[in-house]
Structures are given as C-alpha cells and as structure tokens.
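One structure is given below, encoded as structure tokens.
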Amino acid sequence: MKKYISFAIMLLFVFAMGCATEQPIGGDTDEHGLKIENFEQCAAAGYPVMESYPRKCAVPDGETFVEEIDEPVVPEEN
0 MKKYISFAIM LLFVFAMGCA TEQPIGGDTD EHGLKIENFE QCAAAGYPVM ESYPRKCAVP
60 DGETFVEEID EPVVPEEN
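As structure tokens, this is what we get:
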C-alpha cells in the first residue's frame, strides 16, 4: 500500500511541475494574461514600438508585429 501512495505522490508532483511550466493554451500571452495577436494589441499593452515605416512592436519572446497601413489608392492620370 505504501508503494502505491508513494507512486501517486510522485505522479502528482510530475503533473504539477508540468502544469507549472506549460504555456497557456491559445498561444502567447503577456504578463497580464492578454493574448497579443496584432500590432495594435502589442502597442496598447505597452511594449516598445520601433519608429520605422511601417512601425513594428516587439514582445519579450522576440515576436514582432507590423503595423498594417491602408494606403489610399491614387488614380492614374491620363
């Protein structure tokens, strides 16, 4: 019986360690638990924005998000 209790405790410990180190389901999140999926969310979360064209925002894990710019369509002159 003691053998089963020790085995159960060891399994519980391994499971707890796996849960503690596993990344959340659904992808990258910031320290507040918010999922960052685009430039606007990255900038709103307060991550550094690179002043380039187009602007880029970087999260701590190294992923960067590029600002989408809607350029107006300029009609051709005849």
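Those letters in the sequence shown? Residues 0 to 77, per numbering that gives the first Met the number 0, in order.
All residues carry an ideal CB built from backbone N, CA and C; glycine is no exception.
Starting from the Cα of residue i, find the closest Cα among the options and give me that residue.
| i | options | result |
| --- | --- | --- |
| F64 | A44, V13, F14 | A44 |
| Y52 | D69, F12, M16 | D69 |
| C56 | P71, N37, V73, P74 | N37 |
| E39 | E76, M16, E66 | E66 |
| G61 | A15, V13, P47, V73 | P47 |
Quick one: what's residue i bridged to in DSSP?
| i | result |
| --- | --- |
| F64 | C56 |
| V48 | C56 |
Buried or exposed for residue i, please, with buried defined as at least 16 other CB atoms from any protein chain shown within 10 angstroms of its CB.
| i | result |
| --- | --- |
| I8 | exposed |
| I108 | Residue 108 is absent from the model: the chain starts at 0 and stops at 77. |
Short check: CB of residue i to CB of residue j, under 8 Å?
| i | j | result |
| --- | --- | --- |
| I35 | V58 | yes |
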